[in-house]
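The block underneath contains the structure these notes are about, expressed in structure tokens.
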Amino acid sequence: MSLYCIGDLQGCNAPFHRLLEKIDFSPSRDTLYLLGDLVNRGPDSLGTLRSLMALGDAAQCLLGNHDLHLLALWQGVRKPGRHDTVQDILQAPDREALLDWLRHRPMAMHCHGWLMVHAGALPQWTAAQTMSLAAEVETALRGLELKDFLRAMYGNLPCQWQDDLKGADRLRVIVNALTRLRFCTAEGAMEFGSNEGASQSPEGYMPWFEVPGRATQDTPVAFGHWSTLVTDASDHTGLRNNTLPLDTGCVWGGCLSAAKLGAAGAFELIQIACEQSQVPGK
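Following my numbering, the numbering of the sequence shown begins with -9 at its first residue and continues without gaps.
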């Protein structure tokens, strides 16, 4: 049995299948953990969702910001953007089954010693708290008030976690941390204007995984979302501040990456080149 974490697919179904061939994946033997942004911007979002759903429990999928955007389009609370490539899903005859499956995916996972999130975890959150807060959002996604939740989900404020936050503000901070976080202050105030690499932090901010004393520093964290954090198999020899970034920009003409997980934070990085060549953006 082998366990693999895979970075952002973003509708790149053909590279996904080539990666599965390269790792000799067997759904009866192995398990995939996909780190969110399953759809959008790539050429085959519909095929990607169908592929993942068909794998059953062998593909454990997180939700990313693009996946939540798709759910908001489905519920009619957002309008498509000019770079969206999810209309094939919204017009598919099996749309309801696919999107109901999507809304039941988790926001975070903690298994085999790894914490898995799409974007990040605020520095004040332990792994256990991250999972507990993720469950609050999952309850909203799966509940009867889905449309109201999605309508209130958007926005940058509050930008910082407080334990006494309630209602839409509380859920918005959790969603933003788990699906949009790149830079924050040492106190956990998030910044959403920059998607540059880690060395180009806005003044007063730092990559979330470089905050001194962050509460998840003793737990290996696998995450996606940040395609300008280069993860190259040719020179990648270990974790970065006990984190493993796996969005290597497949949809932008980079690579699709899988990490074969071992014990105690060990991993083997496997990559395939991708043919997409769009302009980077999240």
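Even glycine gets a Cβ: it sits at the ideal position worked out from N, Cα and C.
Quick caveat, the model's predicted, so the values are computed rather than measured.
Please report the straight-line C-alpha distance between Gln268 and Val29, rounded to a whole angstrom.
Numbered from its first residue, the sequence shown carries residue 268 at position 278. Numbered from its first residue, the sequence shown carries residue 29 at position 39. Reliability of the predicted coordinates at Gln268 is poor, the pLDDT of 47 falling under 50, and the value obtained from them is presented with this limitation in mind. The straight-line gap from Cα to Cα measures roughly 15 Å.
Which residues share a DSSP beta bridge with His100?
The count along the sequence shown starts at 1 and reaches residue 100 at position 110. Answer is Leu105.
Let me know the alpha helix (DSSP H) ranges lying completely inside the stretch 27 to 71, each 4 residues or longer, listed in chain order.
35 to 44, 55 to 64
Is Gly110 buried or exposed, if buried means 16 or more other CB atoms sit within 10 Å of its CB?
Working through the sequence shown from its first residue, we reach residue 110 at position 120. Gly110 is buried by the Cβ-count criterion.
Can you check DSSP and say which residues form a bridge with Leu259?
Position 269 of the sequence shown holds residue 259. Answer is Ala249.
If Asp34 sits next to Asn55, beta carbons under 8 Å apart, how far is it from one beta carbon to the other, in whole angstroms?
Walking along the sequence shown from the start, residue 34 turns up at place 44. Walking along the sequence shown from the start, residue 55 turns up at place 65. Actually they are not in contact, since the Cβ atoms of Asp34 and Asn55 sit about 19 Å apart, beyond 8 Å.
Quick one: grab the DSSP three-state call for Cys(-5).
Residue numbering aside, residue -5 sits at position 5 when the sequence shown is read from its first letter. DSSP places Cys(-5) in strand when its eight states are reduced to three.
Who does Glu181 pair with in a DSSP beta bridge?
Stepping through the sequence shown from its first residue, residue 181 is reached at position 191. Phe173.
For Arg230, which residues does DSSP report across the bridge?
For this step, residue 230 is matched to residue 240 along the sequence shown. For Arg230, which the question treats as bridged, DSSP gives the partners Thr233.
From what residue to what residue does the alpha helix (DSSP H) around Val127 run?
For the purposes of this step, residue 127 is taken as the residue at position 137 of the sequence shown. Here the alpha helix (DSSP H) through Val127 covers 117 to 132.
Helix, strand or coil, according to DSSP, for Glu265 in the structure here?
Along the sequence shown, read from residue 1 onward, the residue named residue 265 stands at position 275. Correct three-state label for Glu265: coil.
So, at 7 Å on beta carbons, what are the nonlocal neighbours of Arg170 in its own chain, with the 5 sequence-adjacent residues on each side left out?
If you number the sequence shown from 1, residue 170 lands on position 180. Excluding sequence neighbours, Arg170 sits near Asn55, Ala109, Phe182.
How far does the alpha helix (DSSP H) with Phe213 in it reach, from first residue to last?
By one-based count along the sequence shown, residue 213 stands at place 223. Note, Phe213: premise wrong, no alpha helix (DSSP H); beta strand (DSSP E) at 211 to 213.
Give the DSSP-derived three-state secondary structure of Leu22 in the structure shown.
To locate residue 22, count along the sequence shown from 1; it is residue 32. Residue state, collapsed to three classes: strand.
With DSSP run on the structure shown, which of helix, strand or coil describes Pro197?
Reading the sequence shown from its first residue, position 207 is the one you call residue 197. Note: Pro197 maps to strand in three-state DSSP.
Between the C-alpha atoms of Asn232 and Gly203, what's the straight-line distance to the nearest angstrom?
Indexing the sequence shown from 1 puts residue 232 at position 242. Indexing the sequence shown from 1 puts residue 203 at position 213. Going from the Cα of Asn232 to the Cα of Gly203 covers about 12 Å.
Report the residue from Trp91, Gly32, Glu186 whose alpha carbon sits nearest the alpha carbon of Leu61.
On the sequence shown, residue 61 is found 71 positions in, with the first residue counted as 1. When only C-alpha atoms are compared, the closest one is Trp91.
Which term fits Asn166, buried or exposed, when burial requires 16 or more other beta carbons within 10 angstroms of its beta carbon?
One-based indexing of the sequence shown puts residue 166 at position 176. Asn166 is buried by the Cβ-count criterion.
Terminal residues of the alpha helix (DSSP H) in which Pro148 lies:
Along the sequence shown, one-based indexing puts residue 148 at 158. First-last for Pro148: undefined, no H or E at that position.
Cβ-based neighbour list, Gly187, same chain, cut-off 7 Å, excluding 5 preceding and 5 following
By 1-based counting over the sequence shown, the position of residue 187 is 197. Result list for Gly187: Thr218, Leu219, in chain order.
Let's test the definition: count the other Cβ atoms within 10 Å of the Cβ of His215 and tell me whether it reaches 16, buried, or not, exposed.
What you label residue 215 is simply residue 225 of the sequence shown in a count that begins at 1. By the 10 Å Cβ count, His215 comes out buried.
Three-state class that DSSP yields for Arg162 in the structure shown
Position 172 of the sequence shown, counting from 1, holds the residue named residue 162. If DSSP states are grouped into helix, strand and coil, Arg162 belongs with the helices.
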